[in-house]
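Here the structure is laid out as structure tokens; the discussion comes afterwards.
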Amino acid sequence: MRNEDFAAIFNEHKTAVYQFAWRMSNSRTTAEDVTQDVFLALLRGDIEADDARGSVRSLLLGTARNLIWKRWRHERRWNPLAEDAFIASPLPFHDEDREEAVSMAMGSLPPLQREALILATYHELSLQEVAEALGVETGTVKARLHRGRENLKRMLSPLSPTVGRSGAKSGTQE
Amino acid sequence: MTDRELDELLSAWRAPDIPASLEGRISDANRNSWVSWLSRGSIRVPVPVAALAFCLIVVLFAFTVVSPRQVTAPIAQSGGLQPVKRLEIRVIRSNYETVQ
């Protein structure tokens, strides 16, 4: 890969890869290591950015996702079969601000639902691109997104009156 | 909670920007990549180009290694005869030349 091509891809996607790794792991150190590994893999030719095979962003984010899962296999275990049975309960928030509350709720989600939600919500990937990044069918992505959003609504339900007030305020101001 | 309320909440979760030090490390790796390419890199060659290069190599090999030898005739040496090294022509004038 030519230096100019790598520099262009790096400049366009570096923030997305880093922020995805941070949101998945909630760790700056892990996010830095994963981001470096993704782009070094691209530099070495271990992964190839080819528009014919799919979007470059979904390739890079998919690679970041695989690297994070590799770490998790050593650090903790999550039974993928248990994800379907996971039903969240409202979280006991104590004066956390909304950003912290969402971070806690996301961290409590099963990893398969979390990664689908992060890719769809914060990286504006289409359903097809999310499926490419995760290596699953679009139907599986839809199901995970639906379950993930339902679990988040349950966990964040204590904040619902606050959200309603802010929404009403902005409505009256307009 | 409605979908709109959830989307509004989710938009509040902001992620940090990539650190400048990490950017520098990866950019340096890109600049030094030609060194590692020399030891681990590979080049993609289209099949027609590879075939043409192979034919050229075969032709060059044929011309340089299997070239015809120049045959020199053996010099006959018998009775002390030596090949002429320098030819000198002696002109002998006749005594019967008339001067007009």
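So the sequences go chain by chain: A and B.
Per our numbering, the first sequence runs over residues 1 to 174.
Per our numbering, the second sequence runs over residues 1001 to 1100.
Glycine included, each C-beta is placed from N, C-alpha and C at the ideal position.
By the 10 Å Cβ neighbour count, where 16 or more other Cβ atoms means buried, how is A/ILE68 classified, buried or exposed? Your numbering for residue 68 of chain A matches position 68 in the first sequence. Result: buried.
Output yes or no for whether 7 Å exceeds the beta carbon distance between A/LEU109 and A/ASN151. As a first step, residue 109 of chain A is located in the first sequence; it is residue number 109 there, counting from the start. As a first step, residue 151 of chain A is located in the first sequence; it is residue number 151 there, counting from the start. Less than 7 Å separates the beta-carbon of A/LEU109 from that of A/ASN151.
Taking 7 Å as the cut-off, decide whether the C-beta atoms of B/ALA1015 and A/ARG23 are in contact. In the second sequence, counting from the first residue as 1, residue 1015 of chain B sits at position 15. In the first sequence, counting from the first residue as 1, residue 23 of chain A sits at position 23. Here B/ALA1015 is near A/ARG23, since their CB atoms are less than 7 Å apart.
For the ligand NAP, is there a heavy atom less than 6 Å away from the beta-carbon of B/VAL1084? Of the ligands one can find in the structure shown there are none, so the ligand NAP has no counterpart to examine.
Please identify, using Cβ separations under 7 Å, the residues of the region 4-22 of chain A that lie next to chain B, in order along the chain. Residues of the region 4-22 of chain A whose Cβ lies closer than 7 Å to any Cβ of chain B, in chain order: PHE6, ALA7, PHE10, LYS14, THR15, TYR18, GLN19, TRP22.
What are the residues of the region 1009-1034 of chain B that lie near chain A, defined by any Cβ-Cβ distance shorter than 9 Å? For the region 1009-1034 of chain B, the set of positions with a beta-carbon nearer than 9 Å to some beta-carbon of chain A reads LEU1009, LEU1010, SER1011, ALA1012, TRP1013, ARG1014, ALA1015, PRO1016, ASP1017, ILE1018, PRO1019, SER1021, LEU1022, GLU1023, ARG1025, ILE1026, SER1027, ALA1029, ASN1030, ARG1031, SER1033, TRP1034 in chain order.
Give a yes or no on whether the minimum CB-CB distance between A/ARG177 and chain B is below 7 Å. For residue 177 of chain A there is no data in the structure shown, the boundaries of chain A being 1 and 174.
Which whole runs of the alpha helix (DSSP H) in the region 1011-1065 of chain B are 4 residues long or more, in chain order? Taken in chain order, the whole alpha helix (DSSP H) runs of length 4 or more contained in the region 1011-1065 of chain B are 1020-1031, 1033-1040, 1047-1065.
Whole-angstrom distance between A/GLY148 and A/VAL102, CA atom to CA atom: What you label residue 102 of chain A is simply residue 102 of the first sequence in a count that begins at 1. What you label residue 148 of chain A is simply residue 148 of the first sequence in a count that begins at 1. So the alpha carbons of these two residues sit roughly 13 Å apart.
Residue environment, A/TYR18, which counts as buried when at least 16 other CB atoms sit within 10 Å: The residue you call residue 18 of chain A lines up with position 18 of the first sequence. That one is buried.
Please tell me whether B/LEU1038 has its Cβ less than 7 Å away from any Cβ of chain A. Residue numbering aside, residue 1038 of chain B sits at position 38 when the second sequence is read from its first letter. For B/LEU1038, not one C-beta of chain A is nearer than 7 Å to its own C-beta.
Identify which residue in A/HIS74, A/ASN3, A/TYR122, A/PRO158 has its Cα closest to the Cα of A/VAL88. The residue you call residue 88 of chain A lines up with position 88 of the first sequence. Rather than Val, the amino acid found at residue 88 of chain A in this sequence is Ala. Each of A/HIS74, A/ASN3, A/TYR122, A/PRO158 was checked against the Cα of A/ALA88, and the nearest Cα belongs to A/PRO158.
Taking 7 Å as the threshold (beta carbon to beta carbon), is B/LEU1006 in contact with chain A? On the second sequence, residue 1006 of chain B is found 6 positions in, with the first residue counted as 1. Chain A, which has a Cβ nearer than 7 Å to the Cβ of B/LEU1006, makes this yes.
Output the distance between the C-alpha atoms of A/SER126 and A/GLU137, rounded to the nearest integer angstrom. Within the first sequence, the letter at position 126 stands for residue 126 of chain A. Within the first sequence, the letter at position 137 stands for residue 137 of chain A. C-alpha separation (whole angstroms): 13 Å.
For A/GLY167, collect the residues of the same chain with a Cβ closer than 6 Å to its Cβ; drop the 5 residues on either side in sequence, then sort them by chain order. Along the first sequence, one-based indexing puts residue 167 of chain A at 167. Residue placement at A/GLY167 cannot be trusted, given a pLDDT of 43 that sits under 50; the coordinates are not used to answer.
Of the residues that make up the region 102-113 of chain A, which ones have a beta carbon closer than 8 Å to any beta carbon in chain B? If you check each beta-carbon in the region 102-113 of chain A against every beta-carbon of chain B, the ones closer than 8 Å belong to VAL102, SER103, MET106.
A/SER25 at chain B interface by Cβ criterion, 7 Å: The residue labelled residue 25 of chain A in the question sits at position 25 within the first sequence. No, no contact with chain B.
Give the secondary structure of B/MET1001 by DSSP, where H, G and I count as helix, E and B as strand, and everything else as coil. Position 1 of the second sequence, counted from the first residue, corresponds to residue 1001 of chain B. Shown here, B/MET1001 sits in coil according to DSSP, grouped into three states, outside any helix or strand.
Could you check if A/GLY62 is buried or exposed, using at least 16 other CB atoms within 10 Å of its CB as the buried criterion? The residue labelled residue 62 of chain A in the question sits at position 62 within the first sequence. The residue is buried, with at least 16 neighbouring Cβ atoms inside 10 Å.
For the alpha helix (DSSP H) containing A/VAL141, list its first residue and its last residue. The count along the first sequence starts at 1 and reaches residue 141 of chain A at position 141. For A/VAL141, the enclosing alpha helix (DSSP H) stretches over residues 138-155.
So, under 8 Å CB-CB, A/GLU32 and B/LEU1006 are touching, yes? Tell me the CB distance rounded to an integer number of Å. On the first sequence, residue 32 of chain A is found 32 positions in, with the first residue counted as 1. On the second sequence, residue 1006 of chain B is found 6 positions in, with the first residue counted as 1. Incorrect: roughly 30 Å between the Cβ atoms, too far for contact.
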